[in-house]
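According to our numbering, the sequence shown is numbered sequentially starting from 3.
Cβ coordinates follow ideal geometry from the N, Cα and C atoms, glycine included.
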Amino acid sequence: MAVIVCSAVPAWAQYRPQALNDPPTGEKFHIEANAGFWSPSADMKIASEALGIAGTTIDLKTDLGLTDQRFRELQLTLRPARAHKFRLQYIPINYVQTGTLKRTVVFNGQSYNIGIPVNSSLDWKAYRIGYEYDFLVRNQGFAGFILEAKYTDINVSLASPVVATQFAHARAPIPALGGIGRVYVVPNISITGEVTGFKLPTTIDKRYGAHYVDVDIYGTVNFNNYVGAQLGYRSLDVFYLVKSDTGSLTMKGLYFGIVARY
3 MAVIVCSAVP AWAQYRPQAL NDPPTGEKFH IEANAGFWSP SADMKIASEA
53 LGIAGTTIDL KTDLGLTDQR FRELQLTLRP ARAHKFRLQY IPINYVQTGT
103 LKRTVVFNGQ SYNIGIPVNS SLDWKAYRIG YEYDFLVRNQ GFAGFILEAK
153 YTDINVSLAS PVVATQFAHA RAPIPALGGI GRVYVVPNIS ITGEVTGFKL
203 PTTIDKRYGA HYVDVDIYGT VNFNNYVGAQ LGYRSLDVFY LVKSDTGSLT
253 MKGLYFGIVA RY
């Protein structure tokens, strides 16, 4: 009997469960900074009315010659406690292109005839400021909800040799709600999914409407508690209606970045 008891002790020690308060690699931080590059495909359409003249719905790719670009992105997360995070993200989006019109379009009350060259640009500053509360926290991952404000500032300009430069500008803080979940497939590799969005239906006032949907799925490899690498896919879908001005902007694509923690 003594031999059996003694041999059982090492077996029990060998299979002790991991302590519940022992976070996986990469989850021990108070400050986290992300920097990377996003290479999305763009589908963008705008229309702008002026002087009582309705605007044409202009496709920035087929009408103006927009080509897909790569953009920088920056994100900062402050975590005073394990379940509480304050988040800031900034993506400067800018397109500049020259194209020859294949049809006549009207923008901001001005007519741009078929066959003329047009210089155009779209400058979009996309900010996100939010709070995340993780209501479920385990060593294998977490789940939480997100409350944030998305500040969108969009400028579009068109210029040609025969028409003075015209501008359309839309900006607004947009509240959004969403959720986030993360699973660690092994102690230093995780998969994260995040969705946030907002919708202002036109049923309230037919002159105004908007929606904003941001989907982000990414994997993270943590080399240690302080440095990691990320590969992900983001989809950003924005629509706005302000009286007779409209914009539909969709961007989808892969991104790659690094993450540093303290």
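Where residue i sits in the DSSP three-state scheme
i: Gly117; result: coil
i: Leu66; result: coil
i: Glu75; result: strand
i: Tyr135; result: strand
i: Arg84; result: coil
i: Pro177; result: strand
i: Val11; result: Low confidence applies to Val11: its pLDDT is 44, below 50, so where it sits in the model is not reliable enough to give any reading.
i: Pro94; result: strand
i: Glu29; result: coil
i: Leu53; result: coil
i: Val244; result: strand
i: Asp187; result: A small fix is needed here, since residue 187 is Val in this sequence, not Asp. It is a strand residue.
i: Ile206; result: coil
i: Asp24; result: coil
i: Ala166; result: coil
i: Pro19; result: A caution first: Pro19 carries a pLDDT of 47, below 50, which makes its placement in the model too unreliable to give a value.
i: Ala128; result: strand
Opening and closing residue of the beta strand (DSSP E) in which residue i lies
i: Ser41; result: Ile33 to Ala49
i: Asn224; result: Tyr210 to Asn224
i: Gly259; result: Asp247 to Arg263
i: Gln199; result: Looking at the sequence itself, residue 199 is Gly, so the reference to Gln does not match. Its beta strand (DSSP E) spans residues Ile191 to Leu202.
i: Ala161; result: Gly143 to Ala161
i: Val107; result: Val107 to Phe109
Cross-strand partners of residue i (DSSP beta bridge)
i: Gly101; result: Val120
i: Gly230; result: Asn224 and Val261
i: Ile182; result: Gly146 and Glu196
i: Asp239; result: Val215 and Thr252
Residue i classed as buried or exposed, judged by whether at least 16 other C-beta atoms fall within 10 angstroms
i: Val187; result: exposed
i: Arg272; result: Shown here, the chain extends from 3 to 264; a query on residue 272 therefore has no answer.
i: Ile33; result: exposed
i: Leu256; result: exposed
i: Ser122; result: buried
i: Gln2; result: Outside the shown range of the chain, which is 3 to 264, sits residue 2, and nothing can be said about it.
i: Ala10; result: Only weak support is given to the placement of Ala10: the predicted model assigns it a pLDDT of 44, under 50, and the value that follows is read from those uncertain coordinates. By the neighbour-count rule (16 or more Cβ atoms within 10 Å), Ala10 is not buried but exposed.
i: Met253; result: buried
i: Gly28; result: buried
i: Tyr210; result: exposed
i: Gly249; result: buried
i: Ile176; result: buried
i: Ser50; result: buried
i: Gly54; result: exposed
i: Thr205; result: exposed
i: Lys152; result: buried
i: Tyr220; result: buried
Checklist entry - Quick one: any contact between the region 247 to 261 and the region 225 to 233, if contact means 3 or more CB pairs under 8 Å? => result yes
Next on the checklist: For the pair the region 33 to 47 and the region 59 to 79, tell me if three or more CB-CB distances fall below 8 Å.
Outcome noted: yes
Checklist entry - If you pair each beta-carbon of the region 134 to 142 with each one of the region 85 to 92, do three or more pairs fall below 8 Å? => result yes
Next on the checklist: Pairs of beta-carbons, one from the region 193 to 208 and one from the region 166 to 183, closer than 8 Å: are there three or more?
Outcome noted: yes
Item to check | Touching by the beta-carbon criterion (3+ pairs, under 8 Å), the region 159 to 172 and the region 112 to 119 | outcome: yes
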